[in-house]
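These notes are about the structure you will find just below.
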Amino acid sequence: MSQQPDIDDESAAPAAPPTDRRRIVVIGALFSVALLALGFLVGYALNSGDDLAVAVPANDSIEAGFLRDMITHHDQAVVMAHEAETHSRDPEIQRMAYDLVTTQQGQIGTMSGWLMLWQLPQQVYSPRMAWMGNDMAGHGMGGMGSVTTTNGSSTGQSADGALMPGMATDAQMDQLSTLRGSASDVLFLQLMIRHHQGGSAMMRYAETHASNPIVSNFAGQMANTQDGEVAVMTQMLQARGAQPLPAP
Numbered sequence: 001m002s003q004q005p006d007i008d009d010e011s012a013a014p015a016a017p018p019t020d021r022r023r024i025v026v027i028g029a030l031f032s033v034a035l036l037a038l039g040f041l042v043g044y045a046l047n048s049g050d051d052l053a054v055a056v057p058a059n060d061s062i063e064a065g066f067l068r069d070m071i072t073h074h075d076q077a078v079v080m081a082h083e084a085e086t087h088s089r090d091p092e093i094q095r096m097a098y099d100l101v102t103t104q105q106g107q108i109g110t111m112s113g114w115l116m117l118w119q120l121p122q123q124v125y126s127p128r129m130a131w132m133g134n135d136m137a138g139h140g141m142g143g144m145g146s147v148t149t150t151n152g153s154s155t156g157q158s159a160d161g162a163l164m165p166g167m168a169t170d171a172q173m174d175q176l177s178t179l180r181g182s183a184s185d186v187l188f189l190q191l192m193i194r195h196h197q198g199g200s201a202m203m204r205y206a207e208t209h210a211s212n213p214i215v216s217n218f219a220g221q222m223a224n225t226q227d228g229e230v231a232v233m234t235q236m237l238q239a240r241g242a243q244p245l246p247a248p
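So the sequence shown is numbered by the UniProt record's numbering: it starts at 1 and just counts up by one.
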């Protein structure tokens, strides 16, 4: 009587299709982001004595608008820094670009996680920077009809053709992706300095006007970090015989 070979249940089980595996990875990543954001919220509430329940903003609040627009603002900075990190042959530029990618991707994850935890949509149909009220007109956004849709696209631009103050135009992004060598390094620094300057106005407004202390504190910390980065990048730019672009 022949014996049937032992069959290991795990090895015999069919592998999950690629689509299912990707879905598992995406769900796991979103869960990790939510846990990270929750940890930040709980840690801040415990250290400051704030009631965590008070920290939930409304959908049309300054907090929600700031997070949504800053995610979009950060997204472009990550693309710009990735271009520099990939194409530059200057170790100093590569280090700066890597630091920017790492920092801003982490901040994007935190901001997206908060919106998720607060059960607020990641994007809505509304004017860019409307949460800043009349202050937006003082930052090159007067008369702008840009809207953020459910997929993050926009139907309008600021006065210089950029999506928001400080952001690079499509033409500038194309130029950055095609330039190489020192010219690429200089343009990267010029665009990133201006990008930080435009974002700083949004961060300072949220720091001052957001009623949620967690978002207010987060915005202030981001602004302080970026002010320091602007100072460093300005020195790097001057060391390469160039000057910053006009502030937005």
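Here a beta-carbon is modelled for each residue, glycine too, at the ideal position from N, C-alpha and C. This structure is a prediction, so every number in the text was calculated from the model and none was measured.
- Of the candidates E207, A223 and M222, E207 places its Cα closest to the Cα of S216.
- Taking all protein chains in view, the Cβ of T102 is surrounded by fewer than 16 other Cβ atoms within 10 Å, so the residue is classified as exposed.
- For R180, the closest C-alpha among the options R89, R194 and T72 is that of R89.
- Check the Cα spacing between L187 and each of H87, M111 and P121: the tightest is with H87.
- Remark: C-beta atoms of Q105 and S112 do not approach each other more closely than 8 Å.
- Burial is judged here by how many other beta carbons sit within 10 angstroms of a residue's own beta carbon; E92 has fewer than 16 and is exposed.
- With distances taken between CA atoms, D174 lies nearest to M80 out of I62, M80, V56 and T72.
- Within the model, the alpha-carbon separation for A77 versus H195 is close to 7 Å.
- DSSP places V101 inside the alpha helix (DSSP H), whose first and last residues are P91 to L117.
- Annotated three-state conformation of M167 is coil, per DSSP.
- Its chain contains A168 and T169 as the residues whose beta carbon lies nearer than 7 Å to that of A162, once the 5 sequence neighbours on both sides are disregarded; these appear in chain order.
- With contacts defined as CB atoms closer than 8 Å, A231 and R204 fail to qualify as a contacting pair.
- Look at N217 here: in three-state DSSP terms it is helix.
- Here T110 is buried: its Cβ has 16 or more other Cβ atoms, across all protein chains shown, within 10 Å.
- Excluding five sequence positions before and after E85, the CB atoms of its chain that fall closer than 6 Å to its own CB belong to Q94, A97 and Y98, given in chain order.
- Taking all protein chains in view, the Cβ of Q235 is surrounded by fewer than 16 other Cβ atoms within 10 Å, so the residue is classified as exposed.
- Annotation for D60: no alpha helix (DSSP H) segment contains it, and DSSP assigns it neither H nor E.
- Within the same chain, L120 come within 6 Å of N59 by CB-CB distance, once the 5 residues on both sides are set aside.
- DSSP, reduced to helix, strand and coil, places A84 within a helical segment of the structure shown.
- By the beta-carbon neighbour count (other beta carbons within 10 angstroms, threshold 16), S211 is exposed.
- For S184, the enclosing alpha helix (DSSP H) has its first and last residue at S182 to H209.
- Taking the Cα positions, M116 is about 11 Å away from V56.
- The beta carbon of S177 sits closer than 7 Å to those of E83, all from its chain and outside the five residues before and after it, given in chain order.
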